[in-house]
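S.K.: One structure, as structure tokens, below. Some questions next.
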Amino acid sequence: MKAKNIDTIKTLITVAHTDGNYLGTSWLDIVKCISQLELAQLVGTGVRPQFISGPRASMSGSSSGMTSSSSFLLHHSYDASSGTSTSLNLSSLDPSVKESIGETSSQSVVVAVDRIFTGSTRLDGDAVVDFVRALCQVSLDELAHPAHPRMFSLQKIVEISYYNMGRIRLQWSRIWEVVGNHFNRVGCSPNEDVAFFALDSLRQLSMKFIEKGEFANFRFQKDFLRPFEHIMKKNRSPTVRDMVVRCIAQMVNSQAQNIRSGWKNIFSVFHLAASDHDESIVELAFQTTGKIITQLYAQQFPVMIDSFQDAVKCLSEFACNASFPDTSMEAIRLIRNCAKYVDEKPHLFREHNMDIELSAASEEDRAWVRGWFPLLFELSCIVSRCKLDVRTRGLTVLFEIVKTHGNGFRPRWWRDLFKVMIMDLVANI
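With UniProt numbering, letter number 51 in the sequence shown gets 51, and the count goes up by one each step, no holes.
Encoded structure:
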């Protein structure tokens, strides 16, 4: 590395500051340069680059005990043969090279690079998407290293996402489309340490986003939390799946009052966890689901009503997990508990502007279409799918609900009940 190389780097940084709105796909060259510059800065200090370490902090215990991403990092390389950390030896380098490398760590260069990320808020809507797309591409390259995946660009993705959360809806949606897809890929990495680091970064970012709350009729949270669903669905690693559930449980425990459209994603993650064979995953997911049904629904059901059908479907999946019979019985009890919300608050189902596919139902039928029918249908699924003792309990609860609340059912509701459920149950006996 020579002085002219340093001058070239400084020029590229200046171009990023002054002409960022016009770089387009050339942002990729800028971000690659910054990534390599970070390596040079670490070389200049005599420290090997930061990598994601092999050992992970224990995820046992409560979700609040999760460590931050910093626990996954090594600030020195690790020599497997000696069991000791090592530093780079700069004494063998040519003095002019040492001087040039040292220049990369100068205060002016460090500040100028940092300004590229903090200044991303001043980029226009198209330019910031180009910048984020380039950063995600470089991050994939860094994390793809089989022995020493680097997390520099992934950290910067988290930073600029936080800086740009205040953008208008259209711009932020375009940014998150790119960033969310990146987390989908990284969270499904075969390298568990990479997936862990990505999940922890996503968790921190999600907490910040949910803290902002959400206006009525907006669905930002639903888009934002979708990577957790994707990772839970695609990644079969028990440790990664366990961490996904712990991340979601922590959100519920600490941010329930700010969650709106995100409840559907939360129940989707727990629905995927419900069929798992790992006891700790099922137990934590069910424990958190039970808290939502018994406590949070009682406190804030009007703002959570969109998730009612997802909640009942989730409980049905818990009930059908033959590996945990106690959980199955408790899930059916919680479904029975859900009936009181439909019975006591039918006006909420009639008045609330729910998903568009349900809007075709007449106002007087909405309590049936959105409340009673999903609840009774999931109980009929339990009767059809589960082993004898669970089927028997499910059938008992189904008829208890019909007997207790059926006096309020309209004639066409009874027709639906017999046509879709009762006749099928009789046919399967």
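Glycine included, C-beta positions come from ideal geometry on N, C-alpha and C. Fair warning: this is a prediction, and the values are worked out from it, not measured in the lab.
Since I231 and G187 should fall inside the 8 Å C-beta cutoff, what is the C-beta to C-beta distance between them, to a whole number of angstroms?
M.R.: 4 Å
S.K.: Looking at residue 432: is its Cβ nearer than 8 Å to the Cβ of V282?
M.R.: Since the first residue shown for the chain is 1 and the last is 429, residue 432 is missing from the structure and cannot be characterised.
S.K.: If you draw a straight line from the alpha carbon of I168 to that of G406, how long is it in whole angstroms?
M.R.: 48 Å
S.K.: Return yes when the Cβ of W263 is within less than 8 Å of the Cβ of F224, no when it is not.
M.R.: The Cβ-Cβ distance between F224 and W263 does not fall below 8 Å.
S.K.: Quick one: using the 10 Å Cβ neighbour count with 16 as the cut-off for buried, is Y297 buried or exposed?
M.R.: buried
S.K.: According to the Cβ coordinates, are V397 and W372 closer than 8 Å?
M.R.: no
S.K.: Considering Cα atoms alone, identify which of L140, I305, A274 is closest to S316.
M.R.: A274
S.K.: For N184, count neighbouring C-beta atoms within 10 Å of its own C-beta (all shown protein chains included) and say buried if the count is 16 or more, exposed if not.
M.R.: With 16 or more Cβ atoms within 10 Å of its Cβ, N184 is classed as buried.
S.K.: Are the Cβ atoms of I160 and C136 separated by less than 8 Å?
M.R.: The criterion of a C-beta distance shorter than 8 Å is not satisfied by I160 and C136.
S.K.: Where does D223 fall in DSSP's three states?
M.R.: If DSSP states are grouped into helix, strand and coil, D223 belongs with the helices.
S.K.: Am I right that D242 and S280 are in contact with their C-beta atoms under 8 Å? What's the rounded C-beta distance?
M.R.: That belief holds up - the Cβ atoms of D242 and S280 are roughly 6 Å apart, short of 8 Å.
S.K.: If I follow the unbroken alpha helix (DSSP H) through H405, where does it start and stop?
M.R.: 388-405
S.K.: On the premise that I248 lies in contact with F228, defined as a C-beta separation below 8 Å, what is that separation, rounded to the nearest angstrom?
M.R.: 6 Å
S.K.: Closest by CA to I293, which one among R410, D124, W27, F270?
M.R.: F270
S.K.: In terms of alpha-carbon separation, which member of V110, E38, A127, D114 lies closest to S26?
M.R.: A127
S.K.: I need the straight-line Cα distance from R174 to N21, nearest angstrom please.
M.R.: 16 Å
S.K.: Thinking C-alpha only, which one of R203, G213, K234, S153 is nearest P190?
M.R.: K234
S.K.: Classify P374 as buried or exposed, calling it buried when 16 or more other Cβ atoms lie within 10 Å of its own Cβ.
M.R.: P374 comes out buried.
S.K.: Determine the DSSP secondary structure at L170, reduced to helix, strand or coil.
M.R.: Looking at L170 - three-state DSSP - the assignment turns out to be helix.
S.K.: Could you give the first and the last residue of the continuous alpha helix (DSSP H) run that contains A361?
M.R.: That residue, A361, is in no alpha helix (DSSP H); it is neither H nor E in DSSP.
S.K.: Mapping DSSP to helix, strand and coil, what is N184?
M.R.: helix
S.K.: Have a look at K345 and V383 and give me their C-alpha separation to the nearest angstrom.
M.R.: 27 Å
S.K.: Do I335 and L379 have their CB atoms nearer than 8 Å?
M.R.: yes
S.K.: Can you check which of these residues, A195, E363, F286, is closest to E330 by C-alpha distance?
M.R.: F286
S.K.: By Cβ distance below 8 Å, which residues in the same chain neighbour D416 in space, the five residues on each side in sequence not counted?
M.R.: W368, F373
S.K.: Go to Q300, then tell me how far its alpha helix (DSSP H) extends in each direction, as first and last residue.
M.R.: 297-304
S.K.: Along the chain, where does the alpha helix (DSSP H) that runs through Q204 open and close?
M.R.: 192-211
S.K.: Alpha carbon to alpha carbon, how far is I9 from A112?
M.R.: Distance from the CA of I9 to the CA of A112, rounded to the nearest whole angstrom, comes to 11 Å.
S.K.: State yes or no: is the C-beta of V132 within less than 8 Å of the C-beta of V179?
M.R.: Using a Cβ distance threshold of 8 Å, V132 and V179 count as a contacting pair.
S.K.: Excluding sequence positions up to five away, which residues of its chain have a Cβ less than 8 Å from the Cβ of S162?
M.R.: Position check: residue 162 holds Tyr in this sequence, whereas Ser was assumed. Answer for Y162: L205, K208, listed in chain order.
S.K.: Among S261, F399, F220, K403, whose alpha-carbon lies nearest the alpha-carbon of P302?
M.R.: S261
S.K.: How many angstroms separate the CA atom of E142 from the CA atom of T121?
M.R.: 24 Å
S.K.: Give every residue of the same chain whose Cβ lies closer than 7 Å to the Cβ of F267, excluding the five residues on either side of it in the sequence, and list them in chain order.
M.R.: S307, D310, A311, C314
S.K.: Pop quiz: N265 and R226 are said to be a contact at Cβ under 8 Å. What is the actual Cβ separation, rounded to whole angstroms?
M.R.: 6 Å
S.K.: What residues in its chain sit with their C-beta under 6 Å from that of L138, if we drop five residues either side in the sequence?
M.R.: Per the sequence presented here, residue 138 reads as Val, with Leu not at that position. Closer than 6 Å at Cβ, skipping near neighbours: V31, K32, S35, S153.
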